[in-house]
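Q: I am attaching a structure below and will ask some questions about it afterwards.
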Amino acid sequence: MKQCKLSLSYIAIQSAFLILSAQTYAKQNETELDTVTVKAKTEIHRRQNEVTGLGKVTKISKDLDKEQVQNIRDLTRYDPGISVVEQGRGASSGYSIRGVDRNRVALLVDGLPQIQSYKSLSLFAQSGAINEKEPVHKNTVAVP
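Those letters in the sequence shown? Residues -26 to -1, 1 to 118, by mature numbering (1 follows the signal peptide of the UniProt record, and there is no 0).
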């Protein structure tokens, strides 16, 4: 029993010396580095935060001018997997992304969600030209 107490006290003393020597060694090897300032400008890219490039498509006004976008068909002309669902008589009923369409596709114009499909009580009100807005007046268009 006495031998056990001695070995426990011996271990406690050794661990205390070990901790103190480690702290002393750490303080001796301190090096102060120069201050580094990092400045960055956030820009919206076509495929933002996507590794595969098959996700969210964002176009800013510069892209709309460069691609000469006049209607929603021109908006997705160069994006693979995204097409406009034609309804007939020149009207469209929204976008189709790799076969998924209607209310399962989110469309944001200037950060505001746009409806893709709707139900009306009148047959004449269902022209389907709901997405026919002038892209010239838009700042940012995103199709997630």
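Using N, Cα and C, we set each Cβ at its ideal position, and we do this for glycine too.
Could you give the distance in angstroms between the alpha-carbon of Asp75 and the alpha-carbon of Lys15?
A: Distance between the alpha carbons of Asp75 and Lys15: 35 Å.
Q: Please work out which residues of its chain come closer than 6 Å, Cβ to Cβ, to Asp8, disregarding the five sequence neighbours upstream and downstream, and give them in chain order.
A: Correct list: empty, nothing qualifies.
Q: Looking at the C-beta of Asp48, does it have a partner C-beta in chain D at a distance below 8 Å?
A: Here there is only one protein chain, and chain D is not present.
Q: Does Val12 pass the burial test, meaning 16 or more other C-beta atoms within 10 Å, or should it be called exposed?
A: Exposed.
Q: With DSSP collapsed to three states, give me the class of Lys13.
A: Here Lys13 sits in coil by DSSP.
Q: Under the DSSP definition of a beta bridge, which residues are partnered with Asp75?
A: Ser70.
Q: Do you know whose CA, among Ser(-20), Leu82, Ile(-16), lies nearest Ile34's CA?
A: For the residues Ser(-20), Leu82, Ile(-16), the minimum Cα distance to Ile34 belongs to Leu82.
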